[in-house]
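Undergrad: Every number in this note's numbering is 13 more than the matching position in the sequence shown, counting from 1. Take this structure, written in structure tokens, and hold onto it; I'll ask about it next.
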Amino acid sequence: MQNEQQRYVLGAREDNGRYPVTVDGTPAGSIYRRHGSWFPVMPGHRIQGRSTTRFGAAEILVTAVDQGQRPTVPVQAARPRTPRAMDIATRSYTYLIPDLRPTVPNLVRAVEAMARLAELAWQPLAGYPGADQPWMMQCQLCGWEGRRFWSHLRGRNGDRTPRPITRHPGCLPVADHAEQIAKFTAEFTVTCECEFKHPTTVSKATDVLSSLQNAAKGSPLALLYARPILEPCPASSKRALALRCALNYLNAQK
Ligand SMILES: [Zn+2]
Ligand SMILES: [Zn+2]
Numbered sequence: 014m015q016n017e018q019q020r021y022v023l024g025a026r027e028d029n030g031r032y033p034v035t036v037d038g039t040p041a042g043s044i045y046r047r048h049g050s051w052f053p054v055m056p057g058h059r060i061q062g063r064s065t066t067r068f069g070a071a072e073i074l075v076t077a078v079d080q081g082q083r084p085t086v087p088v089q090a091a092r093p094r095t096p097r098a099m100d101i102a103t104r105s106y107t108y109l110i111p112d113l114r115p116t117v118p119n120l121v122r123a124v125e126a127m128a129r130l131a132e133l134a135w136q137p138l139a140g141y142p143g144a145d146q147p148w149m150m151q152c153q154l155c156g157w158e159g160r161r162f163w164s165h166l167r168g169r170n171g172d173r174t175p176r177p178i179t180r181h182p183g184c185l186p187v188a189d190h191a192e193q194i195a196k197f198t199a200e201f202t203v204t205c206e207c208e209f210k211h212p213t214t215v216s217k218a219t220d221v222l223s224s225l226q227n228a229a230k231g232s233p234l235a236l237l238y239a240r241p242i243l244e245p246c247p248a249s250s251k252r253a254l255a256l257r258c259a260l261n262y263l264n265a266q267k
């Protein structure tokens, strides 16, 4: 590294909380900070690794470029300011608390919707608003951000095909979607290995839902109990299933 010239340039922080990164003069992606670490992002790629510094995260993008990876779509220039800017800048699991009344059934619906979004390589940028309300999210295949309806993404009448089939205007060709989505789902697991444990068994899920039910309804404290079920987790599909079973079990006890 000594005399080598720094090959990346960090841009100014954008409204979505990310810092664009240019490598050798070409936009390569961006970096963002979460839970004290810096993560690199390149549209269309799953970039592994994190760093304790923004510079380390930018270096990971330099390495990715050297390995031949390039953004699969042109990286967007700075976006216009949106009202969500502050929410996202201070993002934590609390931004995933549903816009609906945070009752236990609504929380479980939100968890199920988010687990399915993860399977489809969509990242929610706001709490679940209900099936028929526009929901702000990001396409992980290309970085597009906009509003989609859960009622369209979940499919209907047992057909789980999300609509529209093109995802959104300007996404990658439909023929490439399955292969690209597989990059994001390859790391999914059935057990949680996160530092902060997320419930993936019915008995653990029942404990969490009981705590939520017993906490004062809608209080900020009650929402603290929502953390293990709302936070992103590689086992989110299993967690959603466990929570649905736990909710059915609790309802049968009444
Ligand atoms: Zn897209
Ligand atoms: Zn986890």
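Note that the Cβ used here is the ideal one computed from N, Cα and C, for glycine as well.
1. Return helix, strand or coil for Ala21, following the three-state DSSP convention.
2. Measuring from the CB of Arg180, is there a heavy atom of ligand 1 at a distance below 7 Å?
3. DSSP three-state call for Arg252: helix, strand or coil?
4. Pull the bridge partners of Pro118 from the DSSP assignment, please.
5. Determine contact between the segment 109-117 and the segment 50-68, defined as no fewer than three beta-carbon pairs at a distance below 8 Å.
6. Considering only C-alpha positions, which residue in the set Ser250, Val221 and Pro247 is nearest to Tyr262?
7. I'd like the span of the alpha helix (DSSP H) that includes Gly69, first residue to last.
8. The beta strand (DSSP E) with Trp157 in it runs from where to where?
9. Measure the alpha-carbon distance for Arg129 versus Glu72 and round it to whole angstroms.
10. Would you kindly check if the distance between the Cβ of Cys207 and the Cβ of Thr213 is under 8 Å?
11. Check whether the Cβ of Ala248 lies closer than 7 Å to any heavy atom of ligand 2, and answer yes or no.
12. Are the CB atoms of Gly32 and Gly38 nearer to each other than 8 Å?
13. Considering only residues of the same chain and omitting the five flanking positions on each side of Met55, which have a CB-CB separation below 7 Å?
14. Identify, in the order they occur along the chain, each residue of the same chain with its Cβ nearer than 6 Å to the Cβ of Glu158, setting aside the five sequence neighbours on each side.
15. For Val86, which of helix, strand or coil comes out of DSSP?
16. How should Met99 be labelled, buried or exposed, when 16 other C-beta atoms within 10 angstroms of its C-beta is the threshold for buried?
17. Hey, Val124 and Leu256: beta-carbon distance below 8 Å or not?
18. Determine which residues share a DSSP beta bridge with Met150 and list them.
19. Which class does Pro33 belong to by DSSP, given the choice of helix, strand or coil?
20. If you drop the 5 nearest sequence neighbours on each side, which residues of the same chain put their C-beta closer than 8 Å to that of Ile178?
TA: Checking against the coordinates, here is how it stands:
1. The amino acid occupying residue 21 in the given sequence is Tyr; Ala does not appear at that position. In the displayed model, Tyr21 falls within a strand according to three-state DSSP.
2. Yes, Cβ of Arg180 sits closer than 7 Å to a heavy atom of ligand 1.
3. Arg252: helix per DSSP, three-state reduction.
4. DSSP output for Pro118 lists no bridge partner at all.
5. Short answer: they don't touch.
6. Nearest C-alpha to Tyr262 among Ser250, Val221 and Pro247: Val221.
7. Gly69 -> alpha helix (DSSP H) spans Arg67 to Asp79.
8. Neither: Trp157 is in no beta strand (DSSP E) and is coded neither H nor E.
9. Arg129 and Glu72: Cα-Cα distance of roughly 32 Å.
10. In this structure, Cys207 does not lie closer than 8 Å to Thr213 by Cβ.
11. Yes, ligand 2 has a heavy atom inside 7 Å of this Cβ.
12. One detail in the question is off: residue 32 reads as Tyr in this sequence, not Gly. For Tyr32 and Gly38, no; Cβs fall outside 8 Å.
13. Same-chain partners within the cutoff: Ala41, Gly42, Leu74, Ala77, Gln82 and Pro84.
14. The beta carbon of Glu158 lies closer than 6 Å to those of Gln151 in the same chain, with the five residues before and after it left out.
15. Here Val86 sits in coil by DSSP.
16. Low confidence applies to Met99: its pLDDT is 36, below 50, so where it sits in the model is not reliable, and the reading given next is rough at best. Exposed.
17. Going by C-beta atoms, Val124 is nearer than 8 Å to Leu256.
18. Assignment of beta-bridge partners to Met150 by DSSP yields Pro137 and Gly159.
19. Pro33: strand per DSSP, three-state reduction.
20. Correct list, in chain order: Val187.
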